[in-house]
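J.: Protein chains in written order, with this note's numbering: chain A, 18 to 397; chain B, 18 to 397; chain C, 18 to 397; chain D, 18 to 397. We put the CB at the ideal spot given by N, CA and C, even for glycine. These numbers were taken from a predicted model, which means no experiment stands behind them.
Number of protein chains: 4
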Amino acid sequence: MAAKKLRIGLVGYGFMGRVHSNAFHQASHYFDSEYEPELVAVCGRDKANAEVHAERWGFSSVETDWRKLVERDDIDLIDIAAPNDMHHDIAIAAAEAGKMIMCEKPLGRNAQESQEMVDAVEKTGVANMVWYNYRRIPAVTLAKQIIDEGKLGKIFHYRAKFLQDWTIADDLPQGGAGLWRLDAGVAGSGVTGDLLAHCIDTAIWLNGPIDNVSGVTETFIKERMHTLTGNVEPVGIDDASLFLARFHNGSLATFEATRYARGHKALYTLEINGENASIMWDLHDLHRLEYFDHSDEGRVRGWRSIHVTDGDQPYMDKWWVPGLSIGYESSFVHQFADFLTGLEGDQPAMPTFRDALATDLVTDAVLKSAQTGQWESAGA
Amino acid sequence: MAAKKLRIGLVGYGFMGRVHSNAFHQASHYFDSEYEPELVAVCGRDKANAEVHAERWGFSSVETDWRKLVERDDIDLIDIAAPNDMHHDIAIAAAEAGKMIMCEKPLGRNAQESQEMVDAVEKTGVANMVWYNYRRIPAVTLAKQIIDEGKLGKIFHYRAKFLQDWTIADDLPQGGAGLWRLDAGVAGSGVTGDLLAHCIDTAIWLNGPIDNVSGVTETFIKERMHTLTGNVEPVGIDDASLFLARFHNGSLATFEATRYARGHKALYTLEINGENASIMWDLHDLHRLEYFDHSDEGRVRGWRSIHVTDGDQPYMDKWWVPGLSIGYESSFVHQFADFLTGLEGDQPAMPTFRDALATDLVTDAVLKSAQTGQWESAGA
Amino acid sequence: MAAKKLRIGLVGYGFMGRVHSNAFHQASHYFDSEYEPELVAVCGRDKANAEVHAERWGFSSVETDWRKLVERDDIDLIDIAAPNDMHHDIAIAAAEAGKMIMCEKPLGRNAQESQEMVDAVEKTGVANMVWYNYRRIPAVTLAKQIIDEGKLGKIFHYRAKFLQDWTIADDLPQGGAGLWRLDAGVAGSGVTGDLLAHCIDTAIWLNGPIDNVSGVTETFIKERMHTLTGNVEPVGIDDASLFLARFHNGSLATFEATRYARGHKALYTLEINGENASIMWDLHDLHRLEYFDHSDEGRVRGWRSIHVTDGDQPYMDKWWVPGLSIGYESSFVHQFADFLTGLEGDQPAMPTFRDALATDLVTDAVLKSAQTGQWESAGA
Amino acid sequence: MAAKKLRIGLVGYGFMGRVHSNAFHQASHYFDSEYEPELVAVCGRDKANAEVHAERWGFSSVETDWRKLVERDDIDLIDIAAPNDMHHDIAIAAAEAGKMIMCEKPLGRNAQESQEMVDAVEKTGVANMVWYNYRRIPAVTLAKQIIDEGKLGKIFHYRAKFLQDWTIADDLPQGGAGLWRLDAGVAGSGVTGDLLAHCIDTAIWLNGPIDNVSGVTETFIKERMHTLTGNVEPVGIDDASLFLARFHNGSLATFEATRYARGHKALYTLEINGENASIMWDLHDLHRLEYFDHSDEGRVRGWRSIHVTDGDQPYMDKWWVPGLSIGYESSFVHQFADFLTGLEGDQPAMPTFRDALATDLVTDAVLKSAQTGQWESAGA
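#1: Where in the segment 225-309 of chain B do unbroken runs of the alpha helix (DSSP H), each at least 4 residues long, occur, reported from the N-terminal end onward?
#2: Can you tell me the Cα-Cα spacing of Met18 (chain A) and Leu261 (chain B), whole angstroms?
#3: Counting only Cβ pairs nearer than 7 Å, list the residues of chain D close to Val317 (chain C).
#4: Between the beta-carbon of Pro365 (chain A) and the beta-carbon of Gln162 (chain A), is there less than 8 Å?
#5: Look at Ala283 (chain C) and Gly340 (chain B) and say whether their C-beta atoms are less than 8 Å apart.
#6: Starting from Thr26 (chain D) and walking both ways along the alpha helix (DSSP H), at which residues does that stretch end?
#7: With distances taken between CB atoms, is the gap from Leu303 (chain B) to Arg316 (chain A) smaller than 8 Å?
#8: Would a C-beta distance cut-off of 8 Å place Ser342 (chain A) and Tyr345 (chain D) closer than the cut-off?
#9: Asp63 (chain D) to Thr81 (chain D), Cα distance in whole Å?
#10: Does Val147 (chain A) come out as helix, strand or coil in the three-state DSSP assignment?
#11: Can you list, in chain order, the residues of its chain whose CB lies under 6 Å from that of Asp218 (chain D), leaving out five sequence neighbours each side?
#12: Taking only beta carbons into account, state which residues of the segment 219-251 of chain D come closer than 9 Å to chain B, listed in chain order.
#13: Suppose you measure from the CA of Lys85 (chain A) to the CA of Val249 (chain A); what does that come to, to the nearest Å?
#14: Given that a residue counts as buried once 16 or more other Cβ atoms are within 10 Å of its Cβ, and exposed if not, what is Glu121 (chain A)?
#15: Kindly indicate if chain B contains any beta-carbon less than 8 Å away from that of Phe264 (chain D).
#16: Do the CB positions of Leu269 (chain A) and Ala257 (chain C) come within less than 8 Å of each other?
#17: Can you tell which of A:Trp298, A:Glu113, A:Ala194, A:Asn101 has the C-alpha that lies nearest to the C-alpha of Gly205 (chain A)?
#18: Going by Cα to Cα distance, which pick from C:Ala98, C:Ser231, C:Met119 is closest to Thr389 (chain A)?
#19: Report the neighbours of Ile185 (chain C) on chain A: residues whose CB is nearer than 7 Å to its CB, in chain order.
#20: Quick one: list the residues of chain D neighbouring Thr271 (chain B), beta-carbon separation under 7 Å, in chain order.
#21: I need the DSSP call for His311 (chain D), collapsed to helix, strand or coil.
#22: Along chain A, in chain order, which residues have C-beta atoms closer than 7 Å to that of Leu303 (chain B)?
#23: Touching or not, the segment 103-114 of chain B and the segment 350-362 of chain B, by the rule of three or more beta carbon pairs under 8 Å?
#24: Tell me the DSSP bridge mates of Cys60 (chain A)?
#25: As a quick exercise: from D:Asn266, D:Val147, D:Trp337, pick the residue whose alpha carbon is nearest that of Phe349 (chain A).
#26: Given this structure, state the Cα-to-Cα distance separating Ala44 (chain B) from His42 (chain C), to the nearest angstrom.
#27: Do you know whose CA, among B:Ile323, B:Arg318, B:Leu287, B:Glu53, lies nearest Asn224 (chain B)'s CA?
#28: Does Ser295 (chain D) have its Cβ less than 8 Å from a Cβ in chain B?
#29: Is there a C-beta anywhere in chain D that falls below 8 Å from the one on Val338 (chain A)?
#30: Would you say Ser50 (chain A) faces chain D, with C-beta separation under 8 Å as the test?
#31: For chain B, is any of its Cβ atoms less than 8 Å away from the one on Asp327 (chain A)?
#32: When burial is assigned at 16 or more other CB atoms within 10 Å of the CB, is Pro368 (chain D) buried or exposed?
#33: What residues in the segment 71-83 of chain B bring their beta carbon closer than 8 Å to a beta carbon of chain C?
#34: Output yes if chain B places a C-beta closer than 8 Å to the C-beta of Gly10 (chain D); else output no.
#35: Can we say the segment 269-280 of chain B touches the segment 140-147 of chain B, given the rule of at least three CB pairs closer than 8 Å?
#36: Report all residues from its chain with a CB closer than 7 Å to the CB of Ala111 (chain B); omit the five preceding and five following residues, and keep chain order.
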């Protein structure tokens, strides 16, 4: 069945490194492909940690310098699960080395970096994809189907938020393993690139391009100890980021992300209101899609809570039986399976680097607007 | 508009006396009728309390002996909101005096009392009704419409429960004002007559007659101080009552009521599963009906949460605008308005005394089964 | 108990006229007061309709010219439930005639009108109140208590929206009875004054003043037939209005209102996130308050769904027993009862005209920002 | 890390065969153990299907006769994922061959078979476990912790149900692959052994032994075509099974299972009410535990919706970050990891064959009661 080897080199053994490794293992258990992934090497700065990851997940070797990984002849695909500040250089080097590339989101730390990454992969023609995994939650994919079928009609409103509460404590340090998301130099931005990027990617996919935005950001805690220097240093990231948007299709939107919303762990919610129907989804109950269809008979009309676990719903014919839900990590399994399918045919799996660049243009516009106090164009 | 006076004498100024008084005032604000209620007298053993009730709710006079109330010529209708042990005698006297009668549920303390009450009103031909108010919650009435239209198809299952937690403390006394529901002599039974009676009335209305039952009851706290005697006395009521049932239509059911379900204040829930559709409702969110229609397209099928506040839903054209819900007390307003409509036409408002007797036959069978350990017939 | 008469003249017999009339009747059934409301007159342009309202709700007389109503010696209080364009003139005339005034929200069609109304009542010293009824939903009042007790700690975020869907159809006309909310000349603005005003009033009450805003509005359907002229005319109102805000306490907010959110009838939701706790509420399930308290033990921490029907919760000792909820209209009953209490003491019931002016300053700033594309100050 | 090989032979490649295979792969990715599972052989009657399973899941060989599998020297553990009628013989043969045994639930088709299986494993002393996986859903394990810590106090009530709707169509055949659950000869019973067994296992684990039961069963569709014979044959299974129970601790319970509850796919729900606190859980939202703690301050008391995804909650330190939920299949991963831990220490993983026998005694009593119409003892 799986005749072609796909030799993978992974950069990063953190949270994302684990999720990707899971996907490489699980895809073939649930999905058919011509390709068989082979876990050739995992690369990380700490050799001991890399070896632990290799042992647990079955990578055959370890590297501590990503440049060596990229140069290896026995690797077809570089998967970038390292912090944001490494995406650009690794991707460009990998492209130049003719490797396929899968990159964690956001693509670059800003649209400039992303543009250069797009240029590199398009110049060399290597297969490429960005891990905006939420598109592959079955309920979200079902939302896409429903919208594409025209069930919603003309769209009036979109609203999304991504709420967390893990950085409220002011004695939480910044920087280093697990905390690089608070270090602006590494992360590029705060919740804008980390959380809003997810919201924007899904929004563009579901509702088309965003024309312009008006944003505001805030850094609630201005100084934090830096784990790498041991000093209290200014915090450069945005703790919260909110924006209004006009989509190209005429709909209006609110977007919000924060790590200061007490009570919410990872509450990514989205809603879209059309002339004839509406849809809501949230990550905390990720296997449900809420759907309102105005064409239902009036007296018995109501929001339908769709439990997305049936075989006629996206991806679910590959898993269990109706009523039994799957987890967060499955979205990565689906994305990797789709990537393999993309390799087999004419249509590469989305989102490509170019698709992901569109999100970075919006996040850049949001951050700019927060500084200028003006509406800013999110167009290319 | 309202040409005919309907002169009312109310027995009882407690919780139910207040709810009924509210209904007498509010019906004419929202519903049209030939009849205009006139609050002639309120009767209660404590004259001072009766006077307070009369002042607040606009009753013109007070009585302390219900026999005098029943004999008064200036009263057309006796409304019984007194404890259960008084229903039988007042109702029969009122019937013999030719008064219309509205009686709180349960009708009698047992089916024997209820039968005699039915005989009395049927012999004298006076209008009569029992306050099983939950039939008139708009969401429950909508459920009835849906079932009557055949949307559910053949019925397989019914389940209902009524969960409270207000008697868990063992220092709660029994007997006297507000606590007569714990005194078996006054109440007749515990949760069987108090809570299950509601569940059974709705069930028979929605799903037809119950053939037989297997029940179990428990009195968790065996002795409580009695407020009237000052002594610790055995508790005679059932604290919890559960039963299995077979309906005449072949469906199976579970019923449960308790005052020992920590966390639930008045959680009356019902669910009915048919071949083609199902319905759920609960009193804590009384303005919602959950409805599942298997004929919806598979991929987007789900339980619909119907917010019952629209003008095309039962009773709601009389109230506000879509999205604005009404309260518990409105169910009594609806019932009284329906009673007045019943007076104007050929079809008396339901449930009549005879309708309510059917419930008492079931509660008697449940209590009997709990003693015999056998299935018992709930038929007449 | 109720020795002092409070003679009321009501202007308007529409939706709000009915809700206010209900409050005048119900307040004395549930709340004690020195004052006894007397329904002296209802005023409306259509005499027949005014007479129907008077008959149903027990007003002793009718007027068709509000100027005559204001001049009557037998009236102590003018209640304004007429369309927005009449608020200003009636209120000022009533103030000059020495009448107490209760006015539907928004106070004026813009802050200029509102300022003049404030000046008038403050000059003459008459009691005054604006019907921002949502403050008196028990769950919302409980939220206020929780916040005032400091349970939330420092506030980071506020978000509110008010979503409806009743104007999506493009053949819905504008203007005239029931449709004046679509006529900019009468309403002043669209959803900004109608729906956002509610959100802003509650927000300021719960979270303090708003410093500045960035807004956007949209009129999705540009022309509608006008019922008064019979011609298709431009639509002057905003169909949707969204804004970002900075509160004076440093918290950030999103606000949104629309009548184009398919599936939502009157979904007013609010959420406030503090350092230690968070609160959510929505109008569709108005008797519930969602509350997250970070001081709960970690493993068993979660959003608490508080069913606000207990005697120790605001206003609920006056109604039924735990578990039994009350309706939308009760918020007006509470507000009127609080107004009467305000008359008896030193502290007038909130919100006064001056309190309500603060909301109009924000709505004006939102509309201005939507035109300028700039952040605008919402301060006085 | 994983020095000891654990050589596994699996019988069955259906739904359960897939779930178990997933567990064998995933356990070592998330949990530490001295043991390393090795997938030596999969056995099934259809060789081609067995080979497909072996290829997909990495089993080194296939067998078509389970007797050969049991006799193989290169296998340490037999995992039984075959239909119910095969459990007894395979387990006893495996025990006699000195193999460890993991067996799908229910253990036997009735308590007699189960007793013999218990005798076999206890006689030979082989490690044994039954796959009652729901104990290992993190939210359910958390419920167990809460109860064991005494947070609930004295228990008054337990209620559980398992509702499905997949057999409502009368043209669904019985027997053969995927449909053996409708064939009484193979399955032993219908929903009693299939669904109620799950409910009972969890109930006994959480709330202790069940003393006696009163049950009722129904077969709604009396005849179905049999896929193996091609003939319409009587249906021998119970389509629905309901029972009342008394636990040894004095609490009362209702249990219900059916495949005729339209709208429910696999809705296993459980609730337990104690003096001080209550707990609810359901399989459709398996990552949430609802918890009510009466010791919370009254005004802000409510059911807590605990999103069980934090590192201090059972098993969740092994997976992702707070807010990201895991799927149904993870419960099997946890159970296998626990089994391995049990091998390393003194305390075998639960439930053992003996633990599982307790459930079969209850299901036998339920079926007997449904025939006798009497309460039946569920004791040994």
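T.: On the basis of the coordinates in this document:
#1: Here no run is fully enclosed.
#2: Sequence index remark: in the first sequence, residue 18 (chain A) carries index 1 (1-based). Sequence index remark: in the second sequence, residue 261 (chain B) carries index 244 (1-based). Legend: pLDDT at Met18 (chain A) = 49, less than 50; position of this residue unreliable, value from coordinates given subsequently. Roughly 54 Å separates the two Cα atoms.
#3: Taking the third sequence and counting its residues from 1, one reaches residue 317 (chain C) at position 300. Result: Ile163, Tyr308, Arg321, Ile323.
#4: Sequence index remark: in the first sequence, residue 365 (chain A) carries index 348 (1-based). Sequence index remark: in the first sequence, residue 162 (chain A) carries index 145 (1-based). Not a contact, by the Cβ cut-off of 8 Å.
#5: Counted from its first residue, the third sequence places residue 283 (chain C) at position 266. Counted from its first residue, the second sequence places residue 340 (chain B) at position 323. Cβ distance < 8 Å, so Ala283 (chain C) and Gly340 (chain B) count as in contact.
#6: Within the fourth sequence, numbered from 1, the residue matching residue 26 (chain D) stands at position 9. A quick correction: the sequence has Gly, not Thr, at residue 26 (chain D). Looking at the DSSP string, Gly26 (chain D) is not in any alpha helix (DSSP H); the run it does join, the beta strand (DSSP E), is 21-28.
#7: As a first step, residue 303 (chain B) must be located in the second sequence, where it is residue number 286. As a first step, residue 316 (chain A) must be located in the first sequence, where it is residue number 299. No, they are not a contact pair.
#8: Locating residue 342 (chain A) in the first sequence gives position 325, counting from the first residue. Locating residue 345 (chain D) in the fourth sequence gives position 328, counting from the first residue. Tyr345 (chain D) sits close to Ser342 (chain A), with the two beta carbons spaced by under 8 Å.
#9: Position 46 of the fourth sequence holds residue 63 (chain D). Position 64 of the fourth sequence holds residue 81 (chain D). So the two alpha carbons sit approximately 7 Å from each other.
#10: The residue you call residue 147 (chain A) lines up with position 130 of the first sequence. Three-state result, Val147 (chain A): strand.
#11: In the fourth sequence, the residue the question calls residue 218 (chain D) occupies position 201. So the list reads Tyr149, Thr376, once near-sequence residues are dropped.
#12: Ser231, Gly232, Val233, Thr234, Glu235, Phe237
#13: On the first sequence, position 68 is the one that residue 85 (chain A) refers to. On the first sequence, position 232 is the one that residue 249 (chain A) refers to. Take the alpha-carbon of Lys85 (chain A) and the one of Val249 (chain A): they are about 35 Å apart.
#14: Position 104 of the first sequence, counted from the first residue, corresponds to residue 121 (chain A). Per the 10 Å Cβ criterion, buried.
#15: Taking the first residue of the fourth sequence as position 1, residue 264 (chain D) is located at position 247. No, Phe264 (chain D) does not count as interfacial toward chain B.
#16: Within the first sequence, residue 269 (chain A) is the residue found at index 252, counting from 1. Within the third sequence, residue 257 (chain C) is the residue found at index 240, counting from 1. In this structure, Ala257 (chain C) lies closer than 8 Å to Leu269 (chain A) by Cβ.
#17: Counted from its first residue, the first sequence places residue 205 (chain A) at position 188. Closest option to Gly205 (chain A), Cα to Cα, is A:Asn101.
#18: The residue labelled residue 389 (chain A) in the question sits at position 372 within the first sequence. That would be C:Ser231, whose Cα lies nearest to the Cα of Thr389 (chain A).
#19: What you label residue 185 (chain C) is simply residue 168 of the third sequence in a count that begins at 1. Correct list: Glu292.
#20: Here residue 271 (chain B) refers to the residue found at position 254 of the second sequence. Leu259, Thr271, Glu273, listed in chain order.
#21: In the fourth sequence, counting from the first residue as 1, residue 311 (chain D) sits at position 294. Coil, per DSSP.
#22: If you number the second sequence from 1, residue 303 (chain B) lands on position 286. Those do not exist, as Leu303 (chain B) stays about 15 Å from chain A at its closest Cβ, beyond 7 Å.
#23: no
#24: Mapped onto the first sequence, residue 60 (chain A) falls at position 43. In the DSSP assignment, Cys60 (chain A) forms a beta bridge with A:Val28, A:Glu80.
#25: Position 332 of the first sequence holds residue 349 (chain A). When only C-alpha atoms are compared, the closest one is D:Trp337.
#26: Locating residue 44 (chain B) in the second sequence gives position 27, counting from the first residue. Locating residue 42 (chain C) in the third sequence gives position 25, counting from the first residue. Ala44 (chain B) and His42 (chain C): Cα-Cα distance of roughly 13 Å.
#27: Here residue 224 (chain B) refers to the residue found at position 207 when the second sequence is read from its first residue. Nearest of B:Ile323, B:Arg318, B:Leu287, B:Glu53 to Asn224 (chain B), Cα basis: B:Leu287.
#28: Along the fourth sequence, one-based indexing puts residue 295 (chain D) at 278. Closer than 8 Å: yes.
#29: Taking the first sequence and counting its residues from 1, the one referred to as residue 338 (chain A) is at position 321. So yes, Val338 (chain A) belongs to the interface.
#30: Translated into the one-based positions of the first sequence, residue 50 (chain A) becomes position 33. Taking Cβ atoms only, chain D never reaches closer than 8 Å to Ser50 (chain A), which makes this a no.
#31: Within the first sequence, the letter at position 310 stands for residue 327 (chain A). Asp327 (chain A) counts as touching chain B.
#32: On the fourth sequence, position 351 is the one that residue 368 (chain D) refers to. Result: buried.
#33: Glu72, Arg73, Trp74
#34: The structure shown does not extend to residue 10 (chain D), since chain D is modelled only from 18 through 397, so no value can be given for it.
#35: Result no; under three Cβ-Cβ pairs closer than 8 Å.
#36: Taking the first residue of the second sequence as 1, we reach residue 111 (chain B) at position 94. Hits under 7 Å: Val87, Ile95, Ile118.
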